[in-house]
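What follows is a set of notes on a single structure, which appears directly below.
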Amino acid sequence: MRDTLHILGGGMAGSEAAWQAAQMGVPVVLHEMRPKVGTFAHRTGSFAEMVCSNSFRSDDDERNAVGLLHWEMGAANGLIMEMARSHRLPAGGALAVDRDPFAEAVTARLMNHPLISVEYGEITELPQDGHWIIATGPLTSPALANSIRAETGAESLAFFDAIAPIVYAESIDMSVAWLQSRYDKGETEEERTAYINCPMDKAQYEAFIDALLAADKTEFHEGETAGYFDGCLPIEVMAERGRETLRHGPMKPVGLTNAHKPQEKAYAVVQLRRDNKLGTLYNIVGFQTKMKYGAQTAVFKMIPGLENASFARLGGIHRNTFINSPTLLDDQMRLKTRPNIRFAGQVTGVEGYVESAAMGLLAGRMAAAEIKGQTLPPPPPDTAMGALITHITGGAEARTFQPMNVNFGLFPPIDAKGGRRGRKDRYKAYTDRAKDRFTQWLAAQ
Ligand SMILES: Cc1cc2nc3c(=O)[nH]c(=O)nc-3n(C[C@H](O)[C@H](O)[C@H](O)COP(=O)(O)OP(=O)(O)OC[C@H]3O[C@@H](n4cnc5c(N)ncnc54)[C@H](O)[C@@H]3O)c2cc1C
């Protein structure tokens with residue numbers, strides 16, 4: 247028992263974790279409830295089923311953070327990336343795959359590995375003994391979710407995400423916006439200037455409400471909605487309840503003075519709050535939404551100061567079980583209260599197939615190293631995997647933690663002084679640095 251690694255969940259993260267650990271010589275038991283017990287999104291009993299889109303997003307490893315993650319997973323002999331490339335479909339710069347043959351190929355590889363065995367059936371309790379990785383994903387079964395909640399506390403396990411759009415700080419026009427906390431509250435200067443404020447006059451507010459009401463929205467998936475309306479109303483639903491609702495809610499202008507025009511009282515104010523310790527990302531406070539992505543970009547760029555905003559991620563509300571990793575996990579992805587248990591994948595608060603598989607890759611390697619009596623340090627924060635794990639295990643604001651895609655805003659800034667390089671060149675500098683550092687990290691193992 248002691249030398250075996252148990253992995254709970256054969257999705258993107260669990261499959262990759264199993265592969266990595268077994269390749270390091272550690273015996274693995276992979277536990278999966280499908281096909282015996284299903285979810286509303288999965289259709290098959292295969293491992294690594296892609297539940298919705300068939301795309302692993304951009305494959306540009308020079309100027310895109312997801313593409314860089316592909317590269318790092320490839321460099322670390324990732325099974326998900328290898329199988330994705332073998333089942334690639336033409337899709338321009340994206341890595342789209344033929345989903346069923348892809349999942350069947352991942353399943354066959356895992357089943358045929360001499361160190362991997364599979365046990366089918368739902369596990370309903372957090373295990374007490376042995377080495378475990380919990381990778382049960384956004385649709386973790388309700389019984390297991392309850393058991394996780396009993397361990398972590400109700401506040402630390404969410405069943406829905408309510409993601410407000412996140413903007414790159416550098417793309418906000420600070421000649422229009424200003425830094426100030428409402429009523430200048432806070433002990434330190436940093437706290438008193440914790441928010442970025444974007445002012446609207448009456449005409450701008452009315453036009454914004456019209457655009458919100460007219461925007462295209464997405465529907466919930468069947469079986470997804472139970473229990474969502476507690477405390478995370480989409481802004482467009484608030485706007486539907488009355489044209490003034492937002493002005494008395496997340497857009498209220500009270501306690502704020504426009505630093506550029508102190509005499510002018512704003513009719514409404516959109517506030518952005520720092521989303522990471524680096525201060526490179528800001529989320530639009532209270533702006534969770536079910537608007538379609540194209541509509542979001544158009545509507546949010548109507549906000550004064552955000553006309554040229556560049557979004558690290560757009561908003562959304564989904565059924566999504568995830569833990570408050572910044573408070574619960576150590577930098578080895580272990581539960582601080584039960585270090586024999588690691589978490590990996592979307593349940594840790596990363597978002598997306600690729601990010602989930604990448605966190606599985608790290609958890610699998612870290613757990614296998616531990617079983618072999620070694621310690622594998624996380625990759626440096628200037629790599630894509632390092633930036634993600636640093637974010638979820640400490641870099642993110644724990645109080646407002648919501649699932650995150652990989653993006654360059656999570657990386658320590660590069661070229662902080664010069665700032666003259668074009669964005670594309672800067673991204674290339676990020677990926678060059680990351681590849682160097684990731685290669686060194688791999689070579690040290
Ligand atoms: C409806 C929906 C659509 C999505 N669409 C996309 C998309 O288009 N693109 C994208 O990049 N990401 C998407 N995601 C987000 C996410 O990236 C994927 O869900 C991804 O599969 C997460 O990987 P994972 O390994 O963490 O979880 P999963 O791939 O879901 O794997 C978890 C596994 O654990 C099993 N399991 C759960 N509970 C138990 C239990 N108690 N006992 C045993 N087994 C259990 C499940 O059956 C499942 O096989 C979507 C999520 C959802 C819910």
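Sequential numbering from 247 applies to the sequence shown in the numbering used here. Every residue gets a Cβ at the ideal spot worked out from N, C-alpha and C, and that includes glycine.
Item to check | Neighbourhood of Val-283 by C-beta, 8 Å cutoff - its chain only, sequence neighbours within 5 removed | outcome: Gly-367, Glu-368, Ser-387
Checklist entry - Using a Cβ-Cβ cut-off of 7 Å (strictly less than) and excluding sequence neighbours within five positions of Arg-280, which residues of its own chain qualify? => result His-288, Gly-291
Checklist entry - Distance, Cα to Cα, Phe-302 vs Pro-658? => result 24 Å
Checklist entry - Looking at Ile-369 and ligand 1, is the gap between the Cβ and the nearest heavy atom below 7 Å? => result yes
Checklist entry - Within the present structure, is the beta-carbon of His-494 separated from the nearest heavy atom of ligand 1 by less than 7 Å? => result His-494 Cβ: outside cutoff for every heavy atom of ligand 1.
Checklist entry - How big is the Cα-Cα spacing for Leu-335 and Gly-257? => result 21 Å
Checklist entry - Once you ignore the five residues that flank Ala-340 on each side, which residues in its own chain have a CB closer than 8 Å to its CB? => result Ser-301, Phe-302, Arg-303, Ser-304, Asp-305
Item to check | Buried versus exposed call for Thr-677 [16 or more other C-beta atoms within 10 Å across all chains shown] | outcome: buried
Checklist entry - ligand 1 heavy atoms versus the CB of Cys-298: any closer than 7 Å? => result For ligand 1, at least one heavy atom lies less than 7 Å from the Cβ of Cys-298.
Checklist entry - Would you report the Cα separation of Thr-685 and Leu-524, rounded to the nearest angstrom? => result 24 Å
Checklist entry - What are the boundary residues of the alpha helix (DSSP H) that Glu-696 is part of? => result Any property of residue 696 remains undetermined from this structure, which presents the chain solely from 247 to 691.
Item to check | Residue range of the beta strand (DSSP E) that includes Gln-517 | outcome: 514-520 is the span of the beta strand (DSSP E), which, as asked, contains Gln-517.
Next on the checklist: I believe Thr-398 touches Leu-574 by the beta-carbon criterion, under 8 Å. Please report the beta-carbon distance rounded to the nearest angstrom.
Outcome noted: 6 Å
Checklist entry - Hey, how far is the Cα of Met-247 from the Cα of Val-272? => result Because Met-247 sits at a pLDDT of 45, beneath the cut-off of 50, its placement in the model cannot be relied upon, and the following sentence gives the value as read from the coordinates. Looking at the two C-alpha atoms, the distance is approximately 12 Å.
Checklist entry - Are three or more beta carbon pairs between the stretch 415-422 and the stretch 545-563 nearer than 8 Å? => result yes
Next on the checklist: Going by DSSP in three states, Met-319 sits in which element: helix, strand or coil?
Outcome noted: helix
Checklist entry - Which residues bound the beta strand (DSSP E) around Pro-388? => result Run containing Pro-388: none in the beta strand (DSSP E); it sits in the alpha helix (DSSP H), 388-398.
Checklist entry - Under a Cβ-count criterion, where at least 16 other Cβ atoms within 10 Å of its own Cβ denotes burial, should Ser-571 be classed as buried or exposed? => result buried
Checklist entry - Is Met-270 near Ala-609, with beta carbons less than 8 Å apart? => result no
Item to check | Closer than 7 Å: Pro-384 CB and nearest ligand 2 heavy atom | outcome: No copy of ligand 2 appears in this structure; the ligands present are ligand 1.
Item to check | Every unbroken alpha helix (DSSP H) inside the stretch 406-491 [4 residues or more] | outcome: Here the runs fully enclosed are 435-438, 448-460, 481-487.
Item to check | Unbroken alpha helix (DSSP H) run spanning Ile-326, endpoints | outcome: In the DSSP assignment, Ile-326 falls within the alpha helix (DSSP H) that extends over 325-332.
Checklist entry - Do Val-516 and Cys-444 come within 8 Å of each other at the CB atom, strictly closer than that value? => result yes
Checklist entry - Is it the case that the CB of Gly-256 approaches a heavy atom of ligand 1 more closely than 7 Å? => result With a threshold of 7 Å, the Cβ atom of Gly-256 counts as near ligand 1, since some heavy atom of the ligand is closer than that.
Checklist entry - Does DSSP put Ala-680 in a helix, in a strand, or in coil? => result helix
Item to check | Near ligand 1: Tyr-599 beta-carbon under 7 Å from a heavy atom | outcome: Yes; taking the cut-off as 7 Å, the Cβ of Tyr-599 has a heavy atom of ligand 1 nearer than that.
Next on the checklist: Using the three-state DSSP reduction, which class does Glu-278 fall into: helix, strand or coil?
Outcome noted: strand
Next on the checklist: Measuring straight from C-alpha to C-alpha, what distance separates Glu-278 and Trp-265?
Outcome noted: 15 Å
Item to check | Cβ pair Gly-260, Ala-381 closer than 8 Å | outcome: Yes, these two residues count as a Cβ contact at 8 Å.
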